[in-house]
Amino acid sequence: MPEAVIVGGVRTPFVKAGAAFNQLPAQELGRLAVRELLDRANLDPARVDELICGNVASPVDAANVARVISLRAGIPRDKIAHTVSRNCASGFECVTQACDRVVSGRAKCVVAVGVDSMSHIPLFYPKKFADKLLRLSSARSAWQKLKAFASFRLSDLTPQIGIKLGLTDPVSGLMMGDTAEKLAREFKITRVEQDQFALRSHQLAAAAWQENRLASEVMTVYVDDRDGGVKPISQDVGFRADQSLESLAKLKPYFDRRWGSVTIGNSCQITDGAAALLIVEANTAREWGLTPLGRIRDYAYAGCDPARMGLGPVFATSRVLQQTGLKLSDMQLVELNEAFASQAIACLRRFESPAGACAAAGCDLAPLGHLDLERLNVNGGAIALGHPVGATGTRLILTLLHELRRRNLTRGLGTLCIGGGQGGAVVVEAG
27 MPEAVIVGGV
37 RTPFVKAGAA
47 FNQLPAQELG
57 RLAVRELLDR
67 ANLDPARVDE
77 LICGNVASPV
87 DAANVARVIS
97 LRAGIPRDKI
107 AHTVSRNCAS
117 GFECVTQACD
127 RVVSGRAKCV
137 VAVGVDSMSH
147 IPLFYPKKFA
157 DKLLRLSSAR
167 SAWQKLKAFA
177 SFRLSDLTPQ
187 IGIKLGLTDP
197 VSGLMMGDTA
207 EKLAREFKIT
217 RVEQDQFALR
227 SHQLAAAAWQ
237 ENRLASEVMT
247 VYVDDRDGGV
257 KPISQDVGFR
267 ADQSLESLAK
277 LKPYFDRRWG
287 SVTIGNSCQI
297 TDGAAALLIV
307 EANTAREWGL
317 TPLGRIRDYA
327 YAGCDPARMG
337 LGPVFATSRV
347 LQQTGLKLSD
357 MQLVELNEAF
367 ASQAIACLRR
377 FESPAGACAA
387 AGCDLAPLGH
397 LDLERLNVNG
407 GAIALGHPVG
417 ATGTRLILTL
427 LHELRRRNLT
437 RGLGTLCIGG
447 GQGGAVVVEA
457 G
């Protein structure tokens, strides 16, 4: 059976939405990452069989954004491309599908890219406004046009915030932050514990950049500055080296303003970014002179209660460990996406014990064991680095493989929660 290996990877810096990447749509961020990926591998784009893109906030002017990225990155037009969306695990999905394509023998070389420009998530006008515009455009007589004009109200112009709609689960009716509040209450996670976890994320990210540990996975992106010149962006924009518990404590709860504990400071940042991996069949990689960075040992996705979507990593990790016959203690490093501090802490507690978990939170799942913080998100997580939804899964794999190699370690776990009530987990092996 063919074996899939990851022979290269790169990502853009992750930048706060509305900041330096404000003018770069998803298709351009993806193109930049894919072009850099191929250049670093010194690979002729014609050798790529397929490109798979993980994306959530699909650009309205770039349907099937994978195809747009592929063509603009110089991959020949006879090659194929498709876009996948598994909400927060879209970046996992493109990688696991790419590996499956290679293992099945349907492709020898696949580019997997995860991308989102959250700066470009649009505002929407209410449907009633669109209906009135349609009636106006179809009016023929002066009386019909006057009547159509008279039906408009100022309230029709009140926009709906696209990102708020996207972050609200249509089944439970809860915003993602509301699900984090639910876990904080059920697992008795205090505000101080959440802020301490958030502070750790910033401190680790700042240290990683200060010690140049993330530079090898991040490319430089050039953007226009306000003075008409060009400005290089070479590192993540969002982490705060001077973050403190005192500053975090001053922030008010954002979702449950009266009784809550989840703030914008102990939640992930809304971010723009892209990450790309090159997956090649192992024998082909040797023929082409490409050195493996690592491989996906196995992966799993699992469903859970949408109102407790933050516990998705528990269900998915349990499943992937069963599939591989491994234990949580076998994972030398773990990247657990920090959608919210309360969500990450709840997962850590549920890994160790079902105590306090209700049936919907998986009280029937056997405990997986203790996960010490020395193995967890050692270069910071999404609270500090950001969470461009479609790109995060790809970044987790990329960061995990780089750090395993840097430490001369072998095996790691990447896992994340998925809005809508799912979890994703991958076991990776370096080298």
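To convert, take the position in the sequence shown, counting from 1, and add 26; that gives my numbering.
Even for Gly, the Cβ is constructed at its ideal location relative to N, Cα and C.
None of these values were measured; they are calculated from a predicted model.
Sub-8 Å separation of G140 and A417 beta-carbons: Inclusion of G140 and A417 in the CB contact set at 8 Å is warranted, their separation being smaller than that value.
Can you tell me whether I193 is helix, strand or coil according to DSSP? Correcting the residue type first, residue 193 is Leu in the shown sequence and not Ile. Here L193 sits in coil by DSSP.
What residue does the beta strand (DSSP E) around P258 start on, and which one ends it? In the DSSP annotation of this structure, the continuous segment of the beta strand (DSSP E) that includes P258 starts and ends at 256-259.
CB of A67 within 8 Å of CB of V33, strictly: V33 sits close to A67, with the two beta carbons spaced by under 8 Å.
On the three-state DSSP scale, how would you describe K105? The DSSP-derived three-state label of K105 is coil.
Whole angstroms are fine: how far does the CA of R37 sit from the CA of L439? Each residue's alpha carbon lies about 19 Å from the other.
DSSP-derived helix/strand/coil call for V288: When DSSP states are grouped into helix, strand and coil, V288 belongs to the coil group.
Extent of the continuous alpha helix (DSSP H) run through D204: For D204, the uninterrupted alpha helix (DSSP H) run begins and ends at 202-212, by DSSP.
Hey, could you find the ends of the alpha helix (DSSP H) R421 is sitting in? DSSP places R421 inside the alpha helix (DSSP H), whose first and last residues are 415-432.
So for F366, helix, strand or coil by DSSP? Note: F366 maps to strand in three-state DSSP.
Cβ pair count under 8 Å reaching 3, the segment 333-343 against the segment 81-92: Flag = no, the segment 333-343 and the segment 81-92 do not touch.
Tell me A456's beta-bridge partners as DSSP assigns them. The partner list for A456 (beta bridge, DSSP) reads G320.
Spatial neighbours of G395 within its chain, please: C-beta separation below 8 Å, excluding the five flanking residues on both sides. Contacts found: K353, L354, S355, F377, E378.
CA-to-CA distance, G192 to I147, given in whole angstroms: So the alpha carbons of these two residues sit roughly 9 Å apart.
Identify whether Q448 lies in helix, strand or coil by the three-state DSSP scheme. When secondary structure is reduced to three states using DSSP, Q448 falls in the strand class.
Using DSSP's beta-bridge definition, name the partner residues of G329. Partner(s): Q448.
For E237, the nearest candidate out of R252, F223, Q261, T343 (CA to CA): Among R252, F223, Q261, T343, the Cα nearest to that of E237 is on Q261.
Where K42 sits in the DSSP three-state scheme: Shown here, K42 sits in a strand according to DSSP, grouped into three states.
Output the distance between the C-alpha atoms of G446 and T109, rounded to the nearest integer angstrom. In this structure, the straight-line span from the alpha carbon of G446 to that of T109 is close to 19 Å.
Using alpha carbons as the reference points, say which of T289, G80, Q229 lies closest to G419. Taking G419 as reference, the option from T289, G80, Q229 with the minimal CA-CA separation is G80.
Using 8 Å as the cut-off, can you tell me whether the segment 45-53 makes contact with the segment 237-254, which would need three or more C-beta pairs spanning the two stretches below that distance? Because the criterion of three Cβ pairs below 8 Å is met, the segment 45-53 and the segment 237-254 touch.
So, H413 versus E243, is the Cβ gap smaller than 8 Å? Not in contact: H413 and E243 (Cβ atoms no closer than 8 Å).
Whole-angstrom Cβ separation of T441 and T343, contact assumed at under 8 Å? At roughly 5 Å, the Cβ-Cβ gap stays under 8 Å, so T441 and T343 are in contact.
Relative to the alpha-carbon of A367, which residue among H228, G254, K154 has its alpha-carbon at the smallest distance? Cα-wise, what sits closest to A367 is H228.
With a CB to CB cut of under 7 Å and the five nearest residues on each side skipped, what residues in its chain are close to L97? Result list for L97: R103, in chain order.
What do you get for S177, buried or exposed, if any count of 16 or more other CB atoms within 10 angstroms of its CB means buried? Burial call: exposed.
Leaving out five residues before and five after A43 in sequence, what residues of the same chain have Cβ atoms less than 7 Å from its Cβ? Counting only Cβ-Cβ distances below 7 Å, and skipping sequence neighbours, we find M144, S145, I296, T297, D298.
Nearest to I409 (by Cα), restricted to the options A267, A124, I189: Checking every option, the nearest Cα to that of I409 belongs to A267.
State the start and end residues of the unbroken beta strand (DSSP E) segment that holds R179. Taken as a continuous stretch (DSSP letters only), R179 belongs to no beta strand (DSSP E), as it is neither H nor E.
If we require 3 or more residues per run, which beta strand (DSSP E) segments fall completely within the segment 88-160? Scanning the segment 88-160 from its first residue to its last, the whole beta strand (DSSP E) runs of 3-plus residues come out as 106-110, 135-143.
Since G65 is in the beta strand (DSSP E), which residue starts that stretch and which ends it? Residue 65 is actually Asp in this sequence, not Gly. Annotation: D65 is outside any beta strand (DSSP E); the continuous alpha helix (DSSP H) that includes it extends over 52-67.
G449 classed as buried or exposed, judged by whether at least 16 other C-beta atoms fall within 10 angstroms: Its Cβ being crowded by 16 or more others within 10 Å, G449 is buried.
Which partner residues of Y248 appear in the DSSP bridge assignment? Partner(s): P258.
Alpha carbon to alpha carbon, what distance is there between S116 and I106? The straight-line gap from Cα to Cα measures roughly 18 Å.
For the segment 161-175 against the segment 63-78, do three or more pairs of beta-carbon atoms, one drawn from each stretch, fall closer than 8 Å, so that the two count as touching? Counting Cβ pairs under 8 Å, fewer than three are found: no touch.
Return yes when the Cβ of G264 is within less than 8 Å of the Cβ of L277, no when it is not. Cβ atoms of L277 and G264: not closer than 8 Å.
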